[in-house]
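Under numbering that gives the first Met the number 0, the first residue of the sequence shown carries the number 0, and numbering increases by one thereafter. Some notes on the structure that comes next.
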Amino acid sequence: MKHQGKPPEGNLTAWKEFVLLGFADVPQLQWFLFGLFLVIYMIILLGNGTILVITKVEPALQTPMYFFLGNFSFLEICYVSVTLPRMLVNLGTQRRTISLVACATQMCFILVLGAAECFLLAVMAYDRYVAICNPLQYPLVMNHKVCIQLVAASWISGIPFQVGQTFQIFFLPYCASNVINHFFCDIPPILKLACGKTFTNELMVYVAALLFVSALFLLILISYIKIISTVLKLPSATSRAKAFSTCSSHLTVVVLFFGSGIITYLRPEASHSAETDKVLSLFYTIVTPMFNPMIYSLRNKDVIMALRRLLGK
Numbered sequence: 000m001k002h003q004g005k006p007p008e009g010n011l012t013a014w015k016e017f018v019l020l021g022f023a024d025v026p027q028l029q030w031f032l033f034g035l036f037l038v039i040y041m042i043i044l045l046g047n048g049t050i051l052v053i054t055k056v057e058p059a060l061q062t063p064m065y066f067f068l069g070n071f072s073f074l075e076i077c078y079v080s081v082t083l084p085r086m087l088v089n090l091g092t093q094r095r096t097i098s099l100v101a102c103a104t105q106m107c108f109i110l111v112l113g114a115a116e117c118f119l120l121a122v123m124a125y126d127r128y129v130a131i132c133n134p135l136q137y138p139l140v141m142n143h144k145v146c147i148q149l150v151a152a153s154w155i156s157g158i159p160f161q162v163g164q165t166f167q168i169f170f171l172p173y174c175a176s177n178v179i180n181h182f183f184c185d186i187p188p189i190l191k192l193a194c195g196k197t198f199t200n201e202l203m204v205y206v207a208a209l210l211f212v213s214a215l216f217l218l219i220l221i222s223y224i225k226i227i228s229t230v231l232k233l234p235s236a237t238s239r240a241k242a243f244s245t246c247s248s249h250l251t252v253v254v255l256f257f258g259s260g261i262i263t264y265l266r267p268e269a270s271h272s273a274e275t276d277k278v279l280s281l282f283y284t285i286v287t288p289m290f291n292p293m294i295y296s297l298r299n300k301d302v303i304m305a306l307r308r309l310l311g312k
């Protein structure tokens, strides 16, 4: 298969398809990686699907916190399904080509769903802040209408910016190669193929990272600083332990997702390498969605009890 060449018009639109190298540098591990990622995908679907089901059908979990958790699990299923099935096809068939439209669509969905995840994690932090710091106002502030509005805002807030960013990137002049040294169509490896000035696009990446990642991460940290300050003032050791248990699960997910995302998109261009980008991308696209159900269920007695009742039925 010929992976490289010169586009006839010196522009990305001249290419009909691209090549996702993925893990082609380790050909002896292709079937091992296929089996590993297939098992991981099944775990993600089963784990997040179970959380989604029990938060919908279990009466004890009909609260704002579990409403957000159910939506978060559904978002994780959507998020991972944008990249993993394509990766499995590439590993299983060794056909690594992807069309222009499919590549642009994949990038757009990754960016939109990634922004939605950032917003939803911030909403979940706000929910815990109101519940712990203003418990008397909690039923009024986090009523069902407000919860639906917050979830809807999380899903749609990043769409205009991220769709616009995708269009900008795919209208850049590209030359010399159609090989993307990654396992999905992400911004850094595609910008490396561009010829000409990419300053505006790189600036947009930093703005998006600051707006959707760093700023929301900072808001979450501020919320948790206030939460911890309030929890430490609780007179009961049992109440403190319960509050810390609930919040630590969410904070673990936040650190995993935001940490890898910030390092990927905000570190200097000179320090970027294809292998490092792949490893970091695995964290926020695959590892975090896989561990989320475990983190939330193993540290949450309400979820464990609901799961036992569901299995008992």
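Quick reminder that beta carbons are idealized off the backbone N, C-alpha and C, glycines included.
Check: Length of the line joining the Cα atoms of residue 39 and residue 234; Outcome: 43 Å
Check: Three-way DSSP call (helix, strand, coil) for residue 75 in this model; Outcome: helix
Check: Backbone secondary structure at residue 171 - three-state DSSP; Outcome: coil
Check: Cβ shell of residue 227 (< 6 Å), same chain only, five flanking positions each side left out; Outcome: none
Check: Cβ neighbours of residue 301 in the same chain (closer than 6 Å, five flanking residues each side left out); Outcome: none
Check: Proximity of residue 304 and residue 182 at Cβ, strictly below 9 Å; Outcome: no
Check: Residue 153, DSSP secondary structure in three states; Outcome: helix
Check: Local conformation of residue 253 per DSSP, three classes; Outcome: helix
Check: Separation of residue 61 from residue 68, as counted between CA atoms; Outcome: 11 Å
Check: Simplified DSSP assignment, three categories, for residue 36; Outcome: helix
Check: Residue 279 versus residue 258: straight-line alpha-carbon distance, rounded; Outcome: 9 Å
Check: Contact under 9 Å by Cβ, residue 261 with residue 212; Outcome: yes
Check: First through last residue of the alpha helix (DSSP H) which encompasses residue 198; Outcome: 198-207
Check: Neighbourhood of residue 225 by C-beta distance below 7 Å, restricted to the same chain and skipping five residues each side; Outcome: 128, 132
Check: Where residue 162 sits in the DSSP three-state scheme; Outcome: helix
Check: Own chain residues within Cβ distance below 7 Å of residue 251, not counting five before or after; Outcome: 294
Check: C-beta atoms of residue 16 and residue 288 nearer than 9 Å; Outcome: no
Check: Residue 218, DSSP secondary structure in three states; Outcome: helix
Check: Residues bridged to residue 193 [DSSP beta-bridge criterion]; Outcome: 173
Check: The beta strand (DSSP E) enclosing residue 97, as first and last residue numbers; Outcome: 96-98
Check: Distance, residue 98 Cα to residue 33 Cα; Outcome: 22 Å
Check: Beta-carbon separation (whole angstroms), residue 179 vs residue 19, contact threshold 8 Å; Outcome: 5 Å
Check: Residue 165 versus residue 254: straight-line alpha-carbon distance, rounded; Outcome: 26 Å
Check: Residue burial classification, residue 246 (beta-carbon count within 10 angstroms, cutoff 16); Outcome: buried
Check: Environment of residue 84 [buried if 16+ CB atoms lie within 10 Å]; Outcome: exposed
Check: Status (buried if at least 16 other CB within 10 Å, exposed otherwise) for residue 188; Outcome: buried
Check: Sub-9 Å separation of residue 24 and residue 109 beta-carbons; Outcome: no
Check: Bridge partners - residue 314, DSSP secondary structure assignment; Outcome: Outside the modelled stretch of the chain, which goes from 0 to 312, sits residue 314, for which no answer is possible.
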